[in-house]
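Below you'll find the structure, written out as structure tokens, and then a few comments.
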Amino acid sequence: MQLHVLEGSVAVASEDTKFVVSLAESTGWVKLEKGQGEDQPSAEGGFRAQTQEQFFLVEAKPGDEGSDEIVLTISNLNVGEQEDRPASGQGHVEKANSTDNQKKAKGGRRWPVGVAPEVRAFVEWTAPGKPQEAKRPFCCDSCVFTSSRISSFNRHMKTHSTEKPHVCHLCLKAFRTVTLLRNHINTHTGTRPYKCGDCVMAFVTSGELVRHRRYKHTHEKPFKCSICKYASVEASKLKRHTRSHTGERPFQCSLCSYASKDTYKLKRHMRTHSGEKPYECHVCHTRFTQSGTMKIHVLQKHSKNVPKYQCPHCATIIARKSDLRVHLLNLHTYKATEMKCRYCTAVFHERYALVQHQKTHKNEKRFKCEYCSYACKQERHMTVHIRTHTGEKPFTCVSCNKCFRQKQLLNVHFRKYHDADFIPTVYQCPKCSKSFSRWVLCE
DNA sequence: GACTGTCCCGCCCTCTGCTGGGAAGAC
DNA sequence: AGTCTTCCCAGCAGAGGGCGGGACAGTC
1 MQLHVLEGSV AVASEDTKFV VSLAESTGWV KLEKGQGEDQ PSAEGGFRAQ TQEQFFLVEA
61 KPGDEGSDEI VLTISNLNVG EQEDRPASGQ GHVEKANSTD NQKKAKGGRR WPVGVAPEVR
121 AFVEWTAPGK PQEAKRPFCC DSCVFTSSRI SSFNRHMKTH STEKPHVCHL CLKAFRTVTL
181 LRNHINTHTG TRPYKCGDCV MAFVTSGELV RHRRYKHTHE KPFKCSICKY ASVEASKLKR
241 HTRSHTGERP FQCSLCSYAS KDTYKLKRHM RTHSGEKPYE CHVCHTRFTQ SGTMKIHVLQ
301 KHSKNVPKYQ CPHCATIIAR KSDLRVHLLN LHTYKATEMK CRYCTAVFHE RYALVQHQKT
361 HKNEKRFKCE YCSYACKQER HMTVHIRTHT GEKPFTCVSC NKCFRQKQLL NVHFRKYHDA
421 DFIPTVYQCP KCSKSFSRWV LCE
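In this text, residue positions in the first sequence follow UniProt numbering: the first is 1, and each later residue adds one.
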């Protein structure tokens with residue numbers, strides 16, 4: 001008996017015979033088990049909607065003696081395609097670090113060597129209990145890929161291969177397809193076929209142009225955050241944004257406890273360990289770890305018309321916005337606890353008001369002598385003045401025991417009368433040329 | 001096979017805001 | 001002279017925009 005299997009359907013020799021396709025693991029053969037398949041796809045299953053038919057050669061043999069089984073060998077008629085293709089298991093191992101949707105290898109059956117991927121896909125598709133994914137019968141056993149077309153499936157299976165036959169003659173980098181190689185070579189030559197109609201930008205691939213247009217012109221942001229209003233042009237940006245909600249920090253510093261939400265921040269953070277300062281001020285050649293820091297430096301230090309920030313509550317002008325914030329926090333924030341004036345009984349809840357109030361005491365001669373009308377601004381001056389009333393002279397000369405009310409007076413006395421090296425300052429009047437011990441201008 | 005759109009990773013940039021050390025002035 | 005306060009400044013992290021480019025699947 002000879003059967004052929006149309007893509008997505010089973011053609012059988014007898015109209016009233018149904019078969020269950022299963023794998024004989026020990027031999028690598030595929031069995032069609034006769035007569036158990038009420039829930040199996042029938043020949044009338046209706047999967048003939050393909051434009052391109054792929055044929056398999058199915059050879060039938062009698063099963064074990066006494067059994068009712070018919071053993072079929074299914075082989076791909078497109079032998080030439082298969083011969084160049086490594087076993088898919090190998091491809092799966094190579095692909096283990098590939099993209100997420102490619103990573104999720106299914107934990108299905110172990111296929112013996114020599115069973116063509118198409119056969120596996122078809123058998124998987126017809127396996128008992130397998131939900132019928134309508135019109136996508138070709139399922140990769142190394143990942144979640146499914147396809148309705150054998151051509152797409154065949155092409156997909158090559159992604160599990162390491163074969164990259166198309167090599168760039170400029171940098172020797174290899175690619176799986178001509179298209180990829182061509183795009184790559186365009187990056188060498190600067191060829192940018194996809195030009196933006198609204199600006200001068202041009203790109204190597206159409207995808208880059210589409211993305212550019214979304215960023216710059218259409219502002220279409222298809223990827224929307226389910227938690228906040230954030231929306232992005234790219235899925236990766238939404239993924240990065242989502243980490244600000246989840247707190248996830250996948251990128252761990254190897255030298256400290258810091259972990260970042262994206263690779264760039266980790267790279268930037270590593271400069272704090274290496275001491276690298278890649279940004280140099282073109283004027284004073286000071287180096288900085290971040291470009292933004294340097295930019296602020298240049299603006300504040302080397303630019304005319306430096307922007308200043310006026311405090312909305314007082315006349316203070318501050319160079320940096322962040323410092324204005326500190327100023328507002330320190331001086332203009334309401335404090336529940338009362339702040340008392342150090343000179344009087346007034347109380348305030350805002351530090352700025354307190355400081356302003358205390359300045360009103362600044363020129364006050366708050367210290368008044370209880371013996372005379374003398375008044376002064378500082379307590380230490382009053383202390384000295386009080387001695388004129390009490391007669392107290394606490395500073396005594398160690399050489400002659402003469403006493404003084406002020407330390408400065410004692411010092412002057414000591415230098416003048418007991419210091420052999422003392423040379424008195426002489427002030428000469430420019431008019432009469434007379435000499436004086438202190439500055440005097442003659443009339 | 002070629003074209004196209006999508007996805008993903010990576011890189012770099014800007015803007016923003018917080019922090020702490022140091023200088024300078026006030027007290 | 002010592003202490004306190006304010007401002008200047010660089011360091012550094014958070015968040016997001018924009019682009020480069022490789023990989024891959026759908027379609028013709």
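Where is the CB? At the ideal position from N, CA and C, for every residue including glycine.
As the structure is a computational prediction, the values presented were derived from the model and not from experiment.
Bridge partners of Ser-232, per DSSP?
Taking the first sequence and counting its residues from 1, the one referred to as residue 232 is at position 232. Paired residue(s): Phe-223.
I'd like the span of the alpha helix (DSSP H) that includes Asn-330, first residue to last.
The sequence position of residue 330 within the first sequence is 330, counting from 1. 321 to 331 is the extent of the alpha helix (DSSP H) around Asn-330.
Tell me the rounded alpha-carbon separation between Glu-53 and Glu-234.
The residue given as residue 53 occupies position 53 in the first sequence. The residue given as residue 234 occupies position 234 in the first sequence. Reliability of the predicted coordinates at Glu-53 is poor, the pLDDT of 31 falling under 50, and no value is obtained from them.
Alpha carbon to alpha carbon, how far is Ser-260 from Phe-251? Give it in angstroms, no decimals.
Along the first sequence, one-based indexing puts residue 251 at 251. Along the first sequence, one-based indexing puts residue 260 at 260. Approximately 5 Å between the Cα atoms of the pair.
Helix, strand or coil, according to DSSP, for Met-339 in the structure here?
As a position in the first sequence, residue 339 is number 339, starting the count at 1. Residue state, collapsed to three classes: strand.
Compare the beta carbon distance of His-156 and Ser-148 with 8 Å and say whether it is the shorter of the two.
Here residue 156 corresponds to residue number 156 of the first sequence, with the count starting at 1. Here residue 148 corresponds to residue number 148 of the first sequence, with the count starting at 1. No.
Looking at the strands, I want to know which residues DSSP matches up with Gln-290.
Taking the first residue of the first sequence as 1, we reach residue 290 at position 290. Note: Gln-290 sits in no beta bridge, so no partner.
Please state if the CB of Phe-175 and the CB of Phe-153 are separated by a distance shorter than 8 Å.
One-based indexing of the first sequence puts residue 153 at position 153. One-based indexing of the first sequence puts residue 175 at position 175. No, the Cβ-Cβ distance between Phe-153 and Phe-175 is not below 8 Å.
Nearest-angstrom Cα separation, counted from Leu-409 out to Asn-401:
Residue numbering aside, residue 401 sits at position 401 when the first sequence is read from its first letter. Residue numbering aside, residue 409 sits at position 409 when the first sequence is read from its first letter. Each residue's alpha carbon lies about 14 Å from the other.
Given this structure, state the Cα-to-Cα distance separating Val-204 from Leu-181, to the nearest angstrom.
Within the first sequence, the letter at position 204 stands for residue 204. Within the first sequence, the letter at position 181 stands for residue 181. So the alpha carbons of these two residues sit roughly 12 Å apart.
Inter-residue Cα distance where the pair is Lys-340 and Met-270:
Counting from 1 along the first sequence, the entry for residue 340 is found at position 340. Counting from 1 along the first sequence, the entry for residue 270 is found at position 270. Rounded to the nearest angstrom, the two C-alpha atoms are 48 Å apart.
Would a C-beta distance cut-off of 8 Å place His-297 and Thr-289 closer than the cut-off?
Position 297 of the first sequence, counted from the start, is the residue given in the question as residue 297. Position 289 of the first sequence, counted from the start, is the residue given in the question as residue 289. It is not a contact, given that the beta carbons lie outside the stated cut-off.
Looking at C-alpha atoms only, which residue of Thr-159, Leu-324, Thr-333 is the closest neighbour of Cys-143?
To locate residue 143, count along the first sequence from 1; it is residue 143. Cys-143 has its Cα closest to that of Thr-159, out of Thr-159, Leu-324, Thr-333.
Going by beta-carbon coordinates alone, are Leu-238 and Cys-225 separated by less than 8 Å?
As a first step, residue 238 is located in the first sequence; it is residue number 238 there, counting from the start. As a first step, residue 225 is located in the first sequence; it is residue number 225 there, counting from the start. A contact, by the Cβ cut-off of 8 Å.
Taking all protein chains shown into account, decide if His-212 is buried (16 or more other Cβ within 10 angstroms of its Cβ) or exposed.
Position 212 of the first sequence holds residue 212. His-212 sits buried, since 16 or more C-beta atoms from the chains shown fall within 10 Å of its C-beta.
Alpha carbon to alpha carbon, how far is Gly-292 from His-302? Give it in angstroms, no decimals.
Against the first sequence, residue 302 aligns to sequence position 302. Against the first sequence, residue 292 aligns to sequence position 292. So the alpha carbons of these two residues sit roughly 15 Å apart.
What does Cys-140 pair with, by DSSP beta-bridge criteria?
Along the first sequence, one-based indexing puts residue 140 at 140. For Cys-140, which the question treats as bridged, DSSP gives no partner whatsoever.
Using a 10 Å radius around the Cβ and a threshold of 16 neighbouring Cβ atoms, would you call Ile-227 buried or exposed?
Stepping through the first sequence from its first residue, residue 227 is reached at position 227. Of the other Cβ atoms in all chains shown, fewer than 16 fall within 10 Å of the Cβ of Ile-227; this residue is therefore exposed.
Applying the criterion that 16 or more other CB atoms from any shown protein chain within 10 Å of the CB defines a buried residue, is Asp-323 buried or exposed?
Counting from one through the first sequence, the residue named residue 323 turns up at place 323. Exposed: under 16 other Cβ atoms inside 10 Å.
Run the proximity test for Tyr-194: is its beta-carbon closer than 7 Å to any non-hydrogen atom belonging to the ligand SAM?
The ligand SAM is absent from the structure shown, which contains no ligands of any kind.
What's the C-alpha gap between Gly-275 and Glu-163?
Mapped onto the first sequence, residue 275 falls at position 275. Mapped onto the first sequence, residue 163 falls at position 163. Whole-angstrom Cα-Cα distance: 42 Å.
Quick check on Tyr-279: does DSSP put it in helix, strand or coil?
Taking the first residue of the first sequence as position 1, residue 279 is located at position 279. Note: Tyr-279 maps to strand in three-state DSSP.
Measure the alpha-carbon distance for Glu-280 versus Asp-198 and round it to whole angstroms.
Position 280 of the first sequence holds residue 280. Position 198 of the first sequence holds residue 198. Near 36 Å, if we compare the C-alpha coordinates of Asp-198 and Glu-280.
Out of Phe-404, Leu-354, Ile-317, His-184, which has the shortest C-alpha to C-alpha gap to Tyr-334?
Counting from 1 along the first sequence, the entry for residue 334 is found at position 334. Of Phe-404, Leu-354, Ile-317, His-184, the residue nearest in Cα terms is Leu-354.
Checking 8 Å against the spacing of the C-beta atoms, do Tyr-309 and Lys-321 come in under that value?
Counting from one through the first sequence, the residue named residue 309 turns up at place 309. Counting from one through the first sequence, the residue named residue 321 turns up at place 321. Their beta carbons are under 8 Å apart, which means Tyr-309 touches Lys-321 by this criterion.
DSSP has Gln-300 in a bridge; who is on the other side?
By one-based count along the first sequence, residue 300 stands at place 300. Answer is none; Gln-300 lacks a bridge partner.
Mind checking who Val-355 pairs with in its DSSP beta bridge?
Position 355 of the first sequence, counted from the start, is the residue given in the question as residue 355. Looking at the DSSP output, Val-355 sits in no beta bridge, so it has no partner there.
Go through its chain and collect everything with a Cβ distance to Asn-183's Cβ below 8 Å, but skip five positions before and after it.
The residue you call residue 183 lines up with position 183 of the first sequence. When the five nearest sequence neighbours on each side are left out, the beta carbons in the same chain lying within less than 8 Å of the beta carbon of Asn-183 are those of Val-204, Thr-205, in order along the chain.
Run through DSSP, which three-state label would Thr-316 get?
Stepping through the first sequence from its first residue, residue 316 is reached at position 316. Coil, per DSSP.
Could you check how far apart the C-beta atoms of Leu-170 and Ile-185 are, in whole angstroms? I think they sit under 8 Å.
As a working mapping, residue 170 is identified with position 170 in the first sequence. As a working mapping, residue 185 is identified with position 185 in the first sequence. Right, the Cβ-Cβ distance comes to about 7 Å (below 8 Å), so this counts as a contact.
Beta-carbon proximity list for Ser-244, same chain, < 8 Å, skipping 5 on both sides:
Locating residue 244 in the first sequence gives position 244, where the first residue counts as 1. Excluding positions up to five away in sequence, the list reads Lys-261.
Verify whether the separation of the beta carbon atoms of Tyr-352 and His-385 is less than 8 Å.
Stepping through the first sequence from its first residue, residue 352 is reached at position 352. Stepping through the first sequence from its first residue, residue 385 is reached at position 385. Result no, Cβ atoms of Tyr-352 and His-385 do not sit closer than 8 Å.
Using CA coordinates, which residue listed in Gln-406, His-332, His-413, His-349 is at the minimum distance from Cys-311?
Numbered from 1 along the first sequence, position 311 holds the residue referred to as residue 311. Nearest C-alpha to Cys-311: His-332.
Proximity winner among Lys-216, Ala-346, Thr-187, relative to Val-200 (alpha-carbon distances)
Walking along the first sequence from the start, residue 200 turns up at place 200. Nearest C-alpha to Val-200: Lys-216.
Can you name, in chain order, every residue of its own chain whose Cβ lies under 6 Å from the Cβ of His-273, other than the five neighbours on each side?
For the purposes of this step, residue 273 is taken as the residue at position 273 of the first sequence. Around His-273: Leu-255.
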